[in-house]
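In this note's numbering, the protein residues as written are 719 to 862.
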């Protein structure tokens, strides 16, 4: 009898988590966005890539991690403080962890830790256009 109650409780918890994740995924995809892999602490050899969806919201680039139950964005980046420090192709096993055909950008910010963003050609064009389209008087990102 006790085992049945425990199993039923676990199934209910799993069903609630699945419903929560499904609703989050629908809300996240409804707003549009681009497939982006993100890696924070790129100088740490143990840091790994995380798949997500990036979206432009005015002067902010918001990133939603695919495997997360968080209701809001997991990371928010301000256009005015973000700079591209380096650009490269994925190396070794990285190619399997990032979207196909990706370019990896190392981005630095005055207000946040350095990150690496990997995105495909179409998303890269949009991201670079967004960075360069800062209103007059704002600092432009460093070119590489």
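Where a beta carbon is used, it is the ideal one built from N, C-alpha and C, also for glycine.
Being a predicted model, the structure only gives us computed values, none of them experimental.
Original post:
How should residue 770 be labelled, buried or exposed, when 16 other C-beta atoms within 10 angstroms of its C-beta is the threshold for buried?
Top reply: For this step, residue 770 is matched to residue 52 along the chain shown. Burial is judged here by how many other beta carbons sit within 10 angstroms of a residue's own beta carbon; residue 770 has at least 16 and is buried.
**OP:** Under 8 Å by Cβ, that's how I've got residue 835 and residue 756 pegged, so tell me the actual separation to the nearest angstrom.
**Re:** As a working note, residue 835 is residue 117 in the chain shown. As a working note, residue 756 is residue 38 in the chain shown. The Cβ separation is near 6 Å, so the contact holds.
**OP:** Kindly say whether residue 765, judged by its beta-carbon, lies nearer than 9 Å to any beta-carbon of chain C.
**Re:** In the structure shown, chain C does not exist; there is a single protein chain.
Original post:
What are the start and end residues of the alpha helix (DSSP H) that includes residue 826?
Top reply: Mapped onto the chain shown, residue 826 falls at position 108. Under the DSSP assignment, residue 826 falls outside any alpha helix (DSSP H), being part of the beta strand (DSSP E) whose first and last residues are 821 to 827.
Original post:
With distances taken from CA atoms, which of 789, 793, 841 and 823 is nearest residue 807?
Top reply: Numbered from its first residue, the chain shown carries residue 807 at position 89. Out of 789, 793, 841 and 823, 823 has the C-alpha closest to the C-alpha of residue 807.
Original post:
Helix, strand or coil for residue 832 per DSSP?
Top reply: Indexing the chain shown from 1 puts residue 832 at position 114. The DSSP-derived three-state label of residue 832 is coil.
Subject >> For residue 812 and residue 776, the rounded distance between their alpha carbons >> reply: As a position in the chain shown, residue 776 is number 58, starting the count at 1. As a position in the chain shown, residue 812 is number 94, starting the count at 1. Computed Cα separation, rounded: 30 Å.
Original post:
What is the DSSP secondary structure of residue 788, reduced to helix, strand or coil?
Top reply: Translated into positions along the chain shown, residue 788 becomes position 70. In the three-state DSSP reduction, residue 788 falls in the coil class, being neither helix nor strand.
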